[in-house]
Each structure stands twice: as C-alpha cells, then as structure tokens.
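In the numbering used here, the protein residues as written are 4 to 360.
Note that CB positions come from ideal geometry on N, CA and C, so glycine has one too.
Small disclaimer: the values here were computed from a predicted structure and weren't measured.
The structure under discussion appears below in the form of structure tokens.
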C-alpha cells in the first residue's frame, strides 16, 4: 500500500496581455470538480458519433461553476456540450449555440460563471490552443481570470484519468498568437459527500453485471455494507503495519503520518460509553419514526373523516330540498282548487230561508 503523491510547480499565471496594465496574480490555482460534471462529460462522450468517417474523435463543452473572490480556487459544478467539427487544417465551433446555452445556464444559476472548457482527449495541439484562447478572450471567455482546460480519458476498459490546465501566452509572431499558448498543469481534486459516494458505489456495483443494472438497497443494508468495507480496510491497514514491524514491508513516512492523524481523531471514550450513546441514538431515531408514522396516520384519518362528513351533508341537503319542492307542489294544487270556487275572494252573505209550513 502506497500513498499517491502529486507534485506541481506553480508559475506566475498571466491574467492579461502585455499591452494591458493589469498586474498578474502569482497565487497558485486549485480546481475542485463535482461528480455530476464528470458524469455529464462521460454521457456526452458515450453519445458521440463513433462512425469511421466522423469528422472529430473527441467532444468538447463548456465548464460552469463558481470562483473564489481572489480567483485562486474554482469549483466545477456543471457543464454543457458544444457542437464542433475538426478537420486536418481547421476547427469549427458553434459559437451561437455556446452563447445561447451559456446565457440559459447562467439564468438558471445566477451565482455561477463560465470557467473554461473540457475535452475527451489528453492530446494538446494547435486546435486545443485555439479553443483555449477563445475561452480566455475578453469578449467570449473568462478574462481577466484564466480559462480552465479539463481533459478526461474515455477509453473503454481503462481507468478514467482527469487533468486540468491553464494557459499562458508564448513568444510567437502575431499571426500565430491566436493558435499558440503554453498549457500549465494545475492540481485538482474530486469533491463528493456521503450521498454522492453512495450513488457512485451503487453505479459501480453494476459494472460486473451483464444487464448493467443493480437494485437500490435500503438504509440498513447500506449501513451493513459500509461497516463491512470499514472492517476490510482496517484489516488491510493492520496487515500492512504488522508487515512493517516484521520488516516484511517497506515503511512509508507519509502513510504513517496519515494513519497517526486518523487515529488522533478517534474519540477518547470507552467502548461501553460508545455503545450506550449509540443505543440512545437508535431509540431517538425509532421514536421520531414512530411519531412521524402516527402523525401521517392521523392526517390520513382526518382527511377521510372530512370527506365522509361532506358526503353526508350533501345527502341531507338533497333530501331537504326534495321535501321542500314536494310541499310547494301540494300547496300549489290546493291554491288552484280554491281559485276555482271563488278565486280567493270573500263570499256574499245569503238571505235566510223562510221556514216551511
């Protein structure tokens, strides 16, 4: 087991051309990349034209993200593809499409800005310099900040390798200035949280399956797998340390310091106290889950009762309206008979009859 180390030389990066009175910033530049940006680039590479007569074997696109106030740290959050064609003596980029997509992306995310461009090939040629100068220009690029050039390998069956560059002008004539620049590699790293790590592990678990599909696991199963993976890593570290103590393995000072730093972060408590706190936490989680289910059931029950009350009120209202309509109809008929006898007017008094003899 060996710790991977990267070494870079930080040079002064020019922020402006020599004829512009802006002082160059000599601070080093670091690039942070979100996983969704890499996945978007890989999806673009998979959908490219792979026919033999295709005019270009790589794809390009724009990088969008945030930049620190001093400009020494950038974070690539998203990207979008840009149509282009490459021939032996020229390269064509759809500038109008790039402007429209950039305006739409910045409208959806006002806090982000254009950072540079990407390609799916590690080759750096005159076309790369031409596109780099386009993204670094004051009119269409990231000026006065340097444009980031991200290269990523997409060869089937090989590991994905990423590199980041910025550019500096070189001493050439004015005719070759647009297609000439010096690419300077800068350090970069991937940023991902627990949710991103879980998603990437779920995607990676399908690489050995013929159907390229994998079911989603529950939280308990995911916790169990994480514990098993942690135990496996601890076994590997313990085996390496024992090998170093037995002089079977070559010692590594950087790895030893890293292990000491990791062990210093462990809490200074007893195992029984950790178990007690963990059980209390589990009880709290179960109580919260029980209360949430109870509230959900109560809300569902109240909604059903409200619907039942509305239905019963509607039925009672319909029966009352029918009774009122029947009473009105009977009253109308009686009024009609009265109208036949006199139209509702008072009768005249009759004279008394004489008694019969």
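Below-7 Å beta-carbon distance, residue i vs any chain D residue
| i | result |
| --- | --- |
| residue 111 | Going by chain labels, chain D is absent from the structure shown, which holds only one protein chain. |
Nearest-angstrom beta carbon gap, residue j and residue i [assumed within contact, 8 Å]
| i | j | result |
| --- | --- | --- |
| residue 82 | residue 40 | 5 Å |
| residue 155 | residue 121 | 7 Å |
| residue 166 | residue 188 | 6 Å |
| residue 252 | residue 243 | 6 Å |
| residue 68 | residue 85 | At roughly 16 Å, the Cβ-Cβ gap does not stay under 8 Å, so residue 68 and residue 85 are not in contact. |
Inter-residue Cα distance where the pair is residue i and residue j
| i | j | result |
| --- | --- | --- |
| residue 37 | residue 77 | 11 Å |
| residue 294 | residue 308 | 21 Å |
| residue 201 | residue 195 | 10 Å |
| residue 405 | residue 96 | Residue 405 falls outside the range modelled here, since the chain spans only 4 to 360, and no answer is possible. |
| residue 163 | residue 199 | 17 Å |
| residue 140 | residue 147 | 8 Å |
| residue 210 | residue 158 | 15 Å |
| residue 368 | residue 169 | This structure leaves residue 368 out entirely; the chain is present only between 4 and 360. |
| residue 28 | residue 108 | Any answer about residue 28 is weak, because its pLDDT of 44 lies below 50 and its placement is not dependable; what the coordinates show is given next. Answer to the nearest angstrom: the Cα atoms are 28 Å apart. |
| residue 64 | residue 208 | 29 Å |
| residue 1 | residue 228 | Absent from the model: residue 1. The displayed extent of the chain is 4 to 360, so no value can be given. |
| residue 235 | residue 218 | 23 Å |
| residue 362 | residue 311 | For residue 362 there is no data in the structure shown, the boundaries of the chain being 4 and 360. |
| residue 152 | residue 183 | 15 Å |
| residue 105 | residue 231 | 45 Å |
| residue 75 | residue 137 | 21 Å |
| residue 126 | residue 61 | 10 Å |
| residue 241 | residue 110 | 52 Å |
| residue 3 | residue 267 | The structure shown does not extend to residue 3, since the chain is modelled only from 4 through 360, so no value can be given for it. |
| residue 48 | residue 123 | 7 Å |
| residue 102 | residue 213 | 41 Å |
| residue 263 | residue 33 | 26 Å |
| residue 144 | residue 265 | 42 Å |
As assigned by DSSP and simplified to three states, the class of residue i
| i | result |
| --- | --- |
| residue 160 | coil |
| residue 50 | coil |
| residue 146 | coil |
| residue 62 | coil |
| residue 289 | helix |
| residue 363 | Here the chain comprises residues numbered 4 to 360, so residue 363 is not present and cannot be evaluated. |
| residue 268 | coil |
| residue 173 | coil |
| residue 75 | coil |
| residue 241 | helix |
| residue 298 | helix |
| residue 81 | strand |
| residue 338 | Residue confidence is low: residue 338 scores 47 on pLDDT, short of 50, so the model does not pin down where it sits. No coordinate-derived value is stated. |
| residue 15 | In this predicted model, residue 15 has a pLDDT of only 49, less than 50, meaning its place in the structure is not dependable; the value taken from the coordinates is given anyway. DSSP places residue 15 in coil when its eight states are reduced to three. |
Query - Minimum length 4: unbroken alpha helix (DSSP H) runs contained in the segment 186-223 - result: DSSP runs (the alpha helix (DSSP H)) wholly in the segment 186-223: 197-207.
Query raised in the report: If you pair each beta-carbon of the segment 301-310 with each one of the segment 272-292, do three or more pairs fall below 8 Å?
Result: Cβ pair count under 8 Å is below three, so no.
Query raised in the report: Using 8 Å as the Cβ pair cut-off and three pairs as the minimum, do the segment 218-227 and the segment 157-177 touch?
Result: No, the segment 218-227 does not touch the segment 157-177.
**Report entry** Runs of beta strand (DSSP E) lying entirely within the segment 86-144, each at least 3 residues, in chain order
**Finding:** Segments of the beta strand (DSSP E) lying fully in the segment 86-144: 87-89, 94-96 and 116-122.
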